[in-house]
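Asks: Just dropping this structure here.
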Amino acid sequence: FRAVPDDGGLVDADEDKDIKTEASNDSWGNNNANDGRLLSPSPGSSASAGSNKSAAGASEEQQTLLAVLQFLRKNKLTESVEILRREAGLPEDSLEPKGAESSGAGSGGASGGVDLEGGDASSLLTAGEDQPDVNVVLSAYSQQGDPALYEVYYSGLKRFIESVLDCHRAELSQVFYPLFVHMYLELVYNNHESEAKAFFEKFSGDQECYYEDDLRVLSSLTKKEHMRGNETLLDFRTSKFVLRISRDSYQLLKRHLQERQNNQIWNIIQEHLYIDIFDGMPRSKSQIDAMSGSLAGEAKREANKAKVYYGLLKEPEIELPLDDEDEEAENEEGKPKKKKPKKDSLGSKSKKQDPNAPSQNRIPLPELKDSDKLDKIMYMKEATKRIRLGPDNLPSICFYSFLNAYQGLTAVDFTDDSSLIAGGFADSTVRVWSVTPKKLRKVKSAADLNLIDKESDDVLERIMDEKTASESKILCGHSGPVYGISFSPDRNYLLSSSEDGTVRLWSLQTFTCLVGYKGHNYPVWDTQFSPHGYYFVSGGHDRVARLWATDHYQPLRMFSGHLADVTCTRFHPNSNYVATGSSDRTIRLWDVLNGNCVRIFTGHKGPIHALAFSPNGKFLASGATDGRVLLWDIGHGLMVGELKGHTDTIYSLRFSRDGEILASGSMDNTVRLWDATKAFDDLETDDFTAATGHIHLQDNSQELLLGTYMTKSTPVIHLHFTRRNLLLAAGAYNP
Amino acid sequence: MAEERRQKQCSVILPTESMKAMAESVGVGQLQEESCVAISEEVSYRIKEIAQDALKFMHHGKRRKLTTSDIDNALKLKNVEPLYGFQSQEFIPFRFASGGGRELHFYEEREVDLSDIINTPLPRVPLDVSLKAPKEQQKAESTEPLKVAKPGQEEEAAIQGKSQGATAADGKGKEKGLIRLKPRSTHELSVEQQLYYKEITEACVGSCEAKRAEALQSIATDPGLYQMLPRFSTFISEGVRVNVVQNNLALLIYLMRMVKALMDNPTLYLEKYLHELIPAVVTCIVSKQLCLRPDVDNHWALRDFAARLMAQSCKTFSTTTNNIQSRITKTFTKSWLDDKTQWTTRYGCIAGLAELGPDVIKTLILPRLTVEGARIKAVMEGPVVSNIDKIGADHVQSLLLKHCASVIAKIRPQPDNVEQYRTDYGYLGPMLCSHVMKARTQAALQAQQVNRTTLTITQPRPTLSVSQSGLSGSTGPRTPSIIKVPSSLTLMSPRPGTPSQPSPPATKYIVMATSAGTATTQQVITLSSSQSASPVTSTVPSATSTLQPLVKLESGSGPGLTGSRPLQKYIVVSLPSSASSSLEPKSSVIPTSISSTSLEAGMKMERSESPGASTQSPH
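Each protein sequence line maps, in turn, to chains A and B. So the first sequence is numbered by this note's numbering: it starts at 144 and just counts up by one. So the second sequence is numbered by this note's numbering: it starts at 1290 and just counts up by one.
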């Protein structure tokens, strides 16, 4: 069946923006024109949406559109130009004269005199806005002041901010970093290499330590030529750095800059910064530090305002044919009373409609097969035997060590029922192990299948080839390291994503590759099946997360907006949302229905490598290279906790089946258990906090930490709670 | 600090000289300075960019080390062809040399010996990836249906040798951490293992000596005993505890033999169980009473045996962290220094120390010889206290003499003067003196033995005996048949002067003789007699070399130079190709008598100079 009526009209402005990025990317980069051609249909469809809402960001979008058109024209793709122009509803002559003008202005800007003052610069800038050209984004930097004065400007502002009242200082200090970067880039762009170097050396030490990685990239960039095709630079150009500043502080800054006639800085602030002004008390340094650190500043407040249906879907009613049998067995054990009330409570829970849950058919989900129902029954049976965890009752941890992996283990996954383990390796193989006595068997060949009796009761058993039974199977097909791996919920399929840019779907019946999904041209860092099967999500170096259905060879949705690699992808338990973590140090939550980005979480200081939804769907935990776990309230769009303790990258996070315990595994060879109940119960999400997003994090990591468990020399790269709440961990022994 | 580093990073670029060198290597002769600067800046920037991308791959590969494949992948990302192959240890295309005002870059191309490459043994085939989960963990969670740790995997791990030890320890460490809240579960043995354990322990302490030998052999060699090690260890420590109280000497000996067997097993790692084993062993060394009748039973042998075990475990397991040796030494010394210590314990302490080696004897025992001598004298010559004391003192005395004599013989220069010894070592002095002298002569004798064995080792190959027989001319009819031996064919080569094939390196034969002159010839005969029929041959001819001196006499300097070390004297005899001598009449035939006489002369000289010399092979 079809998942969503895919008419293209669903693509929103966000996606539109990304296309701009990609297009300009292509023009700078060494990609061939084919990319442009491939892209052209989608901007075509989306542009109609984009141009229709001409109210707000119309001019900007139009400019983008024109840039795309010009690019196409330059590459002699006249047909595409025609189509795009027609669809966008632009007049025929819209770009002819202006294009010429712009190139003239561009060169003029570049060769412009040194004594162009700020005022002229801004006028030049406004002119630039009108003139669409792919050069235009860069040439925004062509405004010039005296390069020698940059240092004076910057240190003047620094002195001012250091002299203001304490309560404003922290807020205003946020301006330093984006300002520093943009001023440096301006200097570089205008070929003032030595001044740029001096500027960098003088002020880079003042920046917050969590920007160090970006500064390192920046430091290597000393020539105008380097700016072409540099991703970090593109990020700064295409997205405005977002700051949240209270109205008072902002007024203070504005007044100061106007008094000093400091147009240079004022222009940068106007041009490249987005200042989100709020009323009320200025935030403290710790509040700011908690939220900052991402590549493009904090999230805008309105970005997290959309309604998210984080509730769980109603469990399908399953008549339990095997239940009587089970009941009898239980009766023999003499514990019938305890079980019944539990079951009732479970039943009643599922019957009550959660107000926060999406409607059952918000996105079409595959129907349950008989085997799925059987599995659900098994799950419920197991659930009754589940151990209730808590601070006094910690789970046992069973560690699966991969021996002789020679540093090559890159991904691990367990099936939900913990019967299979799959490992992805750097030598591009995928290996599947059975950890139950049941061995892995292939289906017989077609010729042999013809011979068997299709009417017999045990036909499912008969189709298996006993000769192929073994404890592990190797799946070969990728041509690069396998970075992501995921079992389908029904254990019939396995997904793997690789450096070679493909996602492959493997059958666990025949142990062969069924489909290779091509779409990411660059390494695919992660992939995951939806909890309901059928859909899966992948994300990679091309900064786009894609939603696929197993029976479509093209993606159903493209989630674009991240400013750097999408490093990890997770499905919400209700399959309606997808969370992605990125190297730009943000986490985004995307709506599967319409591809909108509904949440942006900032606060991590390093690339995010692990995500986990709480089983009730309300919370999200994220772990990054900075060794911290952050907890997020999805409904309110707030950070609600910070767990410090790990000393290295966190590669795995998992909530226990009932959500009481959060387990985190890290490169520092430890598994840590955290009291999730306490972390989430202690929240007081009053209206004010929810409205402003100003959080007060108490530093209670030590209280929440329930246990630290060292391995000898095995980084923990995957964690999994069995249905009975035994914690399984996996990693490669590293002699 | 971080800032400083950052600033440095900012300015780091490749030197322009490198650019020039690179340009020259591809044929661009004169590169202008500005171009070099521009290129080096560009190259530095690109390299940094690639390095940053490579880091990304490292993070996703879940590693801490950047590998060459990360760089390859980063290059692929930039659409650049990756570098193929990083085989060489250091990837430096050419090297720099300067001197005489000239700067030079050159390709370093080593000559590679093909045979070396061919002959290097193939590296071990890397083991396949395998999955392992601790067994105990599964047991601890009895409701858990998973059955992961399969016995097959366990065995596989055992075969992995060294890595197995590491992983087993790995698993252990983890359990300690992971099930902190649970009582530690014990190792459960399979039924077969339980049976085996029962059999072995019964045989070890049983009465049948044949069975015991078999059981000990099994303990010493069986590779799969790791699971049972904790039980064995407890068995031994408990056994010693009980049997010391009951003074059951025989059982104590059996248990010590078990310890010995365990230590002999190369697949066992006893470190974890030393806390049980060492006290047991030490008990057997120093316990006041080990048998029911101390005056009759030979518990001294047990003490000696246990002391040797102790010394062995010190040697094997002592590390800077556990300090076994120094702790043990301290224990022994402390109770030895105590005046009230009984003779039995005293004996054990001394034996334990003495077994630790000559250094320990030198620093700890020798300085106390006088005191100990006085104590022995008091017992031996004083009023009879008890027979047991007397026996004890007697044993201590002989123990001290036995161990100290050899050490003194090494550190004390000759001659051995009885009076001198008496002043130095008191009561024990005279006896020591005679022991030392005995030790010296014995050492000399041993040296001879060593000498003889050395000679047998350098026994020439059959080829040589062939030529020998030719030389002696006694076995005329035999030669043609022997020529068929392939290796002897070279000997018949028309140009004997050129070494025509990689001949065996043993072209020189060294005859070392210290015994009587007549014996010399005898000795050499025995050397060659195994293959050659010639009865009187004192020289061993060289196979290929022609320019070697016929007879070379080498004599060491006088005995005073090397202190107590005796004179070494050896005679090197080598002859030109024997084949030429025997088959081609033109070349000079070497009369055997010359070499033998010269040898004899050498022998005589030697005999006169070094009476108790221990000779060493110069090889």
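Virtual Cβ for every residue (Gly too), placed ideally from N, Cα, C. Quantities reported herein were computed from a predicted structural model and do not represent experimental measurements.
1. Classify V735 (chain A): buried if its beta carbon has 16 or more other beta carbons within 10 angstroms, exposed otherwise.
2. Determine whether the Cβ of C310 (chain A) lies closer than 8 Å to any Cβ atom of chain B.
3. Hey, N717 (chain A) and P501 (chain A) are a contact pair by Cβ (cut 8 Å); roughly how many whole angstroms apart?
4. Going by Cα to Cα distance, which pick from A:A875, A:T865, A:E355, A:G874 is closest to L532 (chain A)?
5. Taking F630 (chain A) as the query, report the chain B residues whose CB atoms sit under 9 Å from its CB, ordered along the chain.
6. Output, in chain order, the set of chain B residues within a Cβ distance shorter than 9 Å of P624 (chain A).
7. For P184 (chain A), which residues from the same chain have a beta carbon less than 6 Å from its beta carbon, with the 5 sequence-adjacent residues on both sides left out?
8. So, at 7 Å on beta carbons, what are the nonlocal neighbours of P624 (chain A) in its own chain, with the 5 sequence-adjacent residues on each side left out?
9. List the residues that DSSP assigns as beta-bridge partners of G850 (chain A).
10. Can you say whether H839 (chain A) is buried or exposed, counting buried as having 16 or more other CB atoms within 10 angstroms of its CB?
11. Quick one: complete alpha helix (DSSP H) runs, 4+ long, within the region 708-765 of chain A?
12. What residues of chain B sit near N759 (chain A), judged by a beta carbon separation below 8 Å?
13. Please list, in chain order, the chain B residues whose beta carbon lies closer than 8 Å to that of D708 (chain A).
14. State the DSSP-derived secondary structure class of L1518 (chain B), mapped to helix, strand or coil.
15. Going by other Cβ atoms of all chains shown within 10 Å of its Cβ, with 16 needed for buried, is V1668 (chain B) buried or exposed?
16. Beta-carbon within less than 6 Å of H684 (chain A)'s beta-carbon, same chain only, minus the 5 sequence neighbours each way: which residues are those?
17. Can you list, in chain order, the residues of its chain whose CB lies under 6 Å from that of S757 (chain A), leaving out five sequence neighbours each side?
18. R1413 (chain B) touches chain A at which residues, Cβ-Cβ below 7 Å?
19. How would you list, in chain order, the residues of chain E whose beta-carbon sits under 7 Å from the beta-carbon of S1419 (chain B)?
20. Excluding the 5 residues flanking A1909 (chain B) on each side, which residues of the same chain have their C-beta closer than 7 Å to its C-beta?
21. May I ask you to report which of helix, strand or coil DSSP gives Q671 (chain A)?
22. Under three-state DSSP, which class holds A1663 (chain B)?
23. For L648 (chain A), report the span of its beta strand (DSSP E) as first-last.
24. At the 8 Å Cβ level, is H684 (chain A) part of the contact set with chain B, yes or no?
25. Going by the CB atoms, is the gap between D556 (chain A) and H861 (chain A) shorter than 8 Å?
26. What separation, rounded to the nearest whole angstrom, lies between the Cα atoms of K1623 (chain B) and T1490 (chain B)?
27. Closer than 7 Å: is that where the CB of E1477 (chain B) sits relative to any heavy atom of the ligand HEM?
28. State the beta-bridge partners of K1421 (chain B) as determined by DSSP.
29. What does T910 (chain A) pair with, by DSSP beta-bridge criteria?
30. What is the rounded straight-line gap between the Cα of S1723 (chain B) and the Cα of G1528 (chain B)?
31. For the region 370-435 of chain A, which segments carrying the alpha helix (DSSP H) assignment without a break, of at least 4 residues, lie completely within its bounds, in sequence order?
32. Looking at the C-beta of Q1341 (chain B), does it have a partner C-beta in chain A at a distance below 8 Å?
33. Determine the contact status of T670 (chain A) and S629 (chain A), defining contact as a CB-CB distance below 8 Å.
34. Assuming A764 (chain A) and L774 (chain A) are in contact, meaning their beta carbons sit under 8 Å apart, how far apart are those beta carbons, in whole angstroms?
35. For chain B, find out if any of its Cβ atoms is closer than 8 Å to the Cβ of H335 (chain A); answer yes or no.
36. So what's D497 (chain A) in DSSP terms, helix, strand or just coil?
Replies: Reading from the atomic positions:
1. buried
2. no
3. 6 Å
4. A:T865
5. Here the premise fails: no neighbours, minimum Cβ distance about 16 Å.
6. F1346, H1349, G1350, S1358, N1362
7. Only weak support is given to the placement of P184 (chain A): the predicted model assigns it a pLDDT of 40, under 50, and the value that follows is read from those uncertain coordinates. Excluding sequence neighbours, P184 (chain A) sits near nothing in its chain.
8. T553, A569, S571, S641, E642
9. A:L816
10. exposed
11. none
12. Result: empty, since nearest Cβ-Cβ is about 25 Å, beyond 8 Å.
13. K1345
14. helix
15. buried
16. Y665, P666, D708
17. F798, G802
18. Neighbours of R1413 (chain B) on chain A: none; closest Cβ ~11 Å, over 7 Å.
19. As a matter of chain content, chain E is missing from the structure shown, whose protein chains are A and B.
20. Here chain B covers residues 1290 to 1908 and nothing more, so residue 1909 (chain B) does not appear.
21. strand
22. helix
23. 645-650
24. yes
25. yes
26. 35 Å
27. For the structure depicted, the ligand HEM is absent and the ligand set is empty, with no information on it obtainable.
28. A:S544
29. Given a span of 144 to 878 for chain A in the structure shown, any question on residue 910 (chain A) remains unanswerable.
30. 42 Å
31. 374-381, 390-402, 406-415, 428-434
32. yes
33. yes
34. 5 Å
35. no
36. coil
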